[in-house]
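Notes follow once the structure below has been shown.
2 protein chains.
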Amino acid sequence: MNGEDLKARVFGKLEATHQAAPLLARLSTDEKNRALESMADALLRQQYAILAANQGDVEAMRDSGETGARLERLTLTLDRIQDMVSGLRQVVNLPDPIGEIMESFERGNGLQISKVRVPMGVIAVIYESRPNVTVDSAALALKTGNAVVLRGGKEAMASNLALVAALQEGLFNVGLPKEAISYVDEPSRESVDLILGADKLVDLAIPRGGAGLIAKVKEISRVPVIETGVGNCHVYVHEAANLDMATRIVLNAKTQRPSVCNAMETLLVDEAVLRNHPEWFTSLAEALLQRRVELRLDQQSFELAAEQPSAPSDLIRHATEADYESEFLSLILAVKAVRGLADALSHIAKYGTKHSEAIVTGDAKVAEEFLLAVDAAAVYHNASTRFTDGSEFGFGAEIGISTQKLHARGPMGLRELCSYKYIVRGEGQIRE
Amino acid sequence: MNGEDLKARVFGKLEATHQAAPLLARLSTDEKNRALESMADALLRQQYAILAANQGDVEAMRDSGETGARLERLTLTLDRIQDMVSGLRQVVNLPDPIGEIMESFERGNGLQISKVRVPMGVIAVIYESRPNVTVDSAALALKTGNAVVLRGGKEAMASNLALVAALQEGLFNVGLPKEAISYVDEPSRESVDLILGADKLVDLAIPRGGAGLIAKVKEISRVPVIETGVGNCHVYVHEAANLDMATRIVLNAKTQRPSVCNAMETLLVDEAVLRNHPEWFTSLAEALLQRRVELRLDQQSFELAAEQPSAPSDLIRHATEADYESEFLSLILAVKAVRGLADALSHIAKYGTKHSEAIVTGDAKVAEEFLLAVDAAAVYHNASTRFTDGSEFGFGAEIGISTQKLHARGPMGLRELCSYKYIVRGEGQIRE
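Protein chains in written order, with our numbering: chain A, 19 to 450; chain B, 19 to 450.
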């Protein structure tokens, strides 16, 4: 296909979605909930067609030699489809943020001004080969009265098209236009460029995926972007920490689900702790090694960890600068001894990605200083970084975790998919 | 200078400002207010040096043949410097948004979560040749604990450098680093590209200027941008309007200050009004023509306006498609007859820039329908569009009027220059 045809096709789709947006914005909560139920029903009805389409994607990826986590994330099962259906039904039960009066005030001249929550309009979601993102994104967009343009990775194209066909059938069955949820089925990278250049048709772009995808989207987009997800998170064990608590938090933050962005990547330990309680550190190291966590240690912590008689040598090595910069997303932990709070803060300022940062300490003053000074979406005192999550924060669902400061920070729930407008009611006021 | 030198210089400045940001973020309200007072004092002390520098800029612009509004906006006087000083002192009196607890809640597991307002960090302001933007932007950034990088048009470079030198002297006198307010004194366009590419050092970019500048910034920036200002605003006179009120609102919205973004550009009038009250329209046209407003009329309204015996023919012509698309920012008004609310809404959806839109009607139901359906930062019933403004909304000061939907919409005051973070206090909670 030549460039002009591609452009016409992508813009045609974006135009149609843009046209559908005002209708979506006007739906009542009941109408939106009925649509979500109908989408859930259609997914169930179409489950075997979806699995068949997915099987083709999975086989193609396997043929290309892929065997790891990507293949696993691409693969759908009846259980996973059931999870999507449950996800849709959970969104039904969340409160509808649209129409909420956020503020209301009267001016001296009698003008009545209300700040009212409204949809963004059209949201574009650019993602990789996880088909569940298709259903999640469509559900959250619909509940917030937004139209959505989806563009997933080409490896998941058949799966995504089958899912979107089911979601659109759900819309059709309640009399809504299928363009409210549209999928750009063009495998070329150019199609992404076209979506991200269409600032008259798309109000917000959300990249969901790895650091490479996010950087690419930020680079080319004219549409406002929310950056999500990269988390090089730290736990800092302060001199005055309850060390049993520190052990529990470190093990949880590193091992409970290491592949996600709110998992810990570097442990910072006060030198005083290593000096005064070396036995605590060696037993922590032992517990980590037992859980097959590979340790990348600075000199001080290395000496203590290597003392362990049972230390498996393949899991212990010296840390490099690159380790402190890494979001491992796996069972690898960098460790660094620091000289007190100031040193910990400057390490976090240098290497952190403004996602989630924790301190373990019994000293309330030090804790408050840490909470104030650290620039991150979520800062923790005596708790695991793993709590940075829409459900854990009580938002019910999330479309991602923002690591930028504009618009939304941390877990993004339904309210974060909304904008607002000012409604001004007068009696003929003019400006003097 | 070669590209590498330029890059090193610009990045050196951005790095220094980035380094200063955490200190700014931690200042108390009193410390920030003392800095603002000190900046005001320094401006007054330096006023003749500032005027001397400005004179050079003004002469260079005049030599280049410029005589109009741009020259006028560039020119400083003792009165204008006094206005800047008063502006700084007004910002002292505004409430400090930083540290405000926006929400606070406890989760079932005992975690205490607070959403706290924090500075953005580093804000870059890219603007043209209005030196007052330099002082405004620095004042609003400082009050919100943000460091700021300024890059104005090269025609105003000497003026801006003199102003920034005074502002930095003010910072120095209260012991604050001058890098908190920095000016990129590189005339090349490349320096703007470098600032907007530095997404690790700059948290937010705000273009302040014409549509060309804004489009350019959106195109090249990797830093999140807030789009401000372009306003193709409409006033819709509905069939059930109080026509005297309509006249007052139309004259105000068009002529009170035609050069600004919240001025009306197109008048939409119900056909029923033209049919049933032609005398109202001809007298409105007469009032507009008396104020030297050029009218660009569709066929129906043209016929009525041309009936005017005294109509000066140089001020009346037929409207073209381009007129409805134009933000005139001058004494020109496009007029279009519409067939009721639906027709008005679709005209606004097609040509509006989501800035400010007004309806004049006595029918409350029609008004509510308009307020709900129109997608704009501010929607008005029976009031002039000219009220979309930070002071008119009671925000005390504004850095611009956002026409995008991400983060902030409409007048942007101090709160809109802030982000937030989640502070989470626990007692050893881990995720199950």
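Quick reminder that beta carbons are idealized off the backbone N, C-alpha and C, glycines included.
List, in chain order, every chain A residue whose beta-carbon is nearer than 7 Å to that of K472(B).
The structure shown does not extend to residue 472(B), since chain B spans only 19 to 450, so no value can be given for it.
Can you grab the Cα-Cα spacing for the pair D332(A) / Q308(A), in whole Å?
If I take the Cα positions, the gap works out to 13 Å.
Looking only at C-alpha atoms, which of R240(A), R98(A), A395(A) sits nearest to G139(B)?
A395(A)
Determine the direct distance from the alpha carbon of R240(A) to that of R148(B), and round the result to whole angstroms.
26 Å
Give me the subset of the stretch 386-404 of chain A whose CB atoms are less than 8 Å from a CB atom of chain B, sorted by chain position.
L389, L390, A391, D393, A394, A395, A396, V397, Y398, H399, N400, A401, S402, R404
Note down, one range per segment and in chain order, each beta strand (DSSP E) of at least 3 residues found wholly within the stretch 345-405 of chain B.
The stretch 345-405 of chain B contains, as complete beta strand (DSSP E) runs of 3+ residues, the segments 350-356, 374-378, 396-401 (chain order).
Got a sec: is the Cβ-Cβ distance from M138(B) to anything in chain A below 8 Å?
yes
Residues in the same chain with beta-carbon distance under 6 Å from A216(A), minus the five sequence neighbours each way, listed in chain order, please.
L32
Any idea what DSSP makes of Q422(B), helix, strand or coil?
coil
Taking the alpha-carbon positions, what's the M57(B) to H36(B) distance?
21 Å
C-beta neighbour in chain B for R433(A), strict 8 Å:
no
Please state if the CB of T265(A) and the CB of L302(A) are separated by a distance shorter than 8 Å.
yes
Suppose contacts are defined by Cβ-Cβ distances below 8 Å. Is N72(B) in contact with S177(B) by that definition?
Taking 8 Å as the Cβ cut-off, N72(B) and S177(B) qualify as a contacting pair.
Terminal residues of the continuous beta strand (DSSP E) containing F413(A)?
Run containing F413(A): none; DSSP gives neither H nor E here.
Mind reading off the beta-carbon distance from G159(A) to V166(A)? Whole number of angstroms is fine, and I expect it under 8 Å.
Looking at the sequence provided, one finds Ala at residue 159(A) rather than Gly. At roughly 4 Å, the Cβ-Cβ gap stays under 8 Å, so A159(A) and V166(A) are in contact.
Which residues in the same chain have their Cβ closer than 6 Å to the Cβ of L347(A), if we skip the five residues on either side of it in sequence?
S277
If we cut at 8 Å on Cβ distances, does P242(A) have a partner in chain B?
For P242(A), the answer is yes, since a Cβ of chain B falls inside 8 Å of its Cβ.
Can you tell me whether P40(A) is helix, strand or coil according to DSSP?
helix
Between the CA atoms of P115(B) and L292(A) - distance to the nearest angstrom
41 Å
Just to check my reading of the structure: T403(A) and A271(A) have Cβ atoms closer than 8 Å, yes? What is that Cβ distance to the nearest angstrom?
5 Å
Pull the bridge partners of S437(B) from the DSSP assignment, please.
V136(B)
Might you give, ordered along the chain, the residues of its own chain that have their beta carbon closer than 6 Å to the beta carbon of P242(A), omitting 5 neighbours on each side?
L222
Span of the beta strand (DSSP E) holding V253(A)?
251-255
Answer yes or no: do G105(B) and V153(B) have a C-beta to C-beta separation smaller than 8 Å?
yes
Going by the beta-carbon positions, is the gap between R125(B) and G412(A) smaller than 8 Å?
yes
Compute the beta-carbon to beta-carbon distance between H252(B) and L286(B), rounded to the nearest angstrom, for a pair I have assumed lies under 8 Å.
6 Å
In terms of alpha-carbon separation, which member of L231(B), Q108(B), P195(B) lies closest to L460(B)?
Only positions 19 to 450 of chain B appear in this structure, which leaves residue 460(B) out of reach.
What are the residues in the stretch 261-272 of chain A lying within 7 Å of chain B by C-beta distance?
Among the residues of the stretch 261-272 of chain A, those with a Cβ less than 7 Å away from any Cβ of chain B are M263, R266, I267, N270, in the order of the chain.
Three-state secondary structure (DSSP) at P429(A)?
strand
K354(B) CB to nearest chain A CB: under 8 Å?
no
Cβ of N250(A) within 8 Å of Cβ of T85(A)?
no
Would you kindly work out how many angstroms separate the C-alpha atoms of D81(B) and Y398(B), rounded to a whole number?
45 Å
Which value, in whole angstroms, describes the spacing of the CA atoms of S122(B) and I131(B)?
Between S122(B) and I131(B), the alpha-carbon positions lie close to 6 Å from each other.
Close Cβ partners of A38(A) (< 6 Å) along its chain, the five nearest in sequence each way excluded:
A165, P195, E197, A198
Pick helix, strand or coil for D262(B), following the three-state DSSP scheme.
helix
Determine, for D154(B), whether the minimum Cβ-Cβ distance to residues of chain A falls below 8 Å.
no
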